[in-house]
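J.: Taking this note's numbering, the leading residue of the sequence shown gets 2, the next gets one more, and so forth.
Each residue gets a CB set at the ideal place from its N, CA and C atoms; glycine is no exception.
Can you read through this structure? Questions will come right after.
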Amino acid sequence: MTTASSEPDIELLNTRREDFLDAFNAADIDHVISLFAPDSLYSDYAIAALDMDLIATRAYLEKIFSEAENITLSPVSISGDKHFAAAEWVLTMKFKSSGNGDNTTTENRNNQGAAQEMEMRGVSLTWYDEDGKKIVNNKDYGVIWPQA
2 MTTASSEPDI
12 ELLNTRREDF
22 LDAFNAADID
32 HVISLFAPDS
42 LYSDYAIAAL
52 DMDLIATRAY
62 LEKIFSEAEN
72 ITLSPVSISG
82 DKHFAAAEWV
92 LTMKFKSSGN
102 GDNTTTENRN
112 NQGAAQEMEM
122 RGVSLTWYDE
132 DGKKIVNNKD
142 YGVIWPQA
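This is the structure:
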């Protein structure tokens, strides 16, 4: 989905965003990580996972994809330029059940052991390198949205 905008760098913004979304939604962790600079930092303020280096970011993504299924990151809007982007998004996923009365994700347990669906809405603030290609810093802010 491409969002209409009067941003002068909208084509670059959309291309970078679509590349990230395609990789993330395919659970292609190697490709997602390839979009980050080697010395990049990633923070997820929703769970207070702050200033993770590339190794910690990979481990974080591996944990997400091992503990959840039907993960979809959908774009809402984007604004920015060659070196910075602010992107709104909606993330949906279903946490896997361990089958022993407990979800595998400590943040999303329930007492019945049934898989739990979640929708989160948020924004990513992303800074890029000099060439505007690699992510050097990303800060995600999100809130869990009530299920209807």
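Let me know the secondary structure DSSP gives A28 once reduced to three states.
T.: DSSP places A28 in coil when its eight states are reduced to three.
J.: Using a threshold of 8 Å, state whether the C-beta atoms of S44 and K135 are closer than that.
T.: No. Outside cutoff.
J.: Between the Cα of H84 and those of E63, T127, E68, A50, spot the shortest distance and give me the residue it belongs to.
T.: Ranking E63, T127, E68, A50 by Cα distance to H84 puts T127 first.
J.: In the DSSP output, which residue or residues are listed as bridge partners for R17?
T.: According to DSSP, which records beta bridges pairwise, R17 is partnered with nothing at all.
J.: Starting from I48, trace the beta strand (DSSP E) in both directions and tell me its first and last residue.
T.: Segment: none, I48 is in no beta strand (DSSP E) and carries neither H nor E.
J.: Alpha helix (DSSP H) containing S67: first to last residue?
T.: Start and end: 55-68.
J.: Just the Cα atoms here: how many angstroms apart are S78 and R122?
T.: Cα to Cα, S78 sits roughly 12 Å from R122.
J.: Report the three-state DSSP secondary structure of E89 (helix, strand or coil).
T.: Strand, per DSSP.
J.: Could you tell me the boundaries of the beta strand (DSSP E) in which E131 lies?
T.: That residue, E131, is in no beta strand (DSSP E); it is neither H nor E in DSSP.
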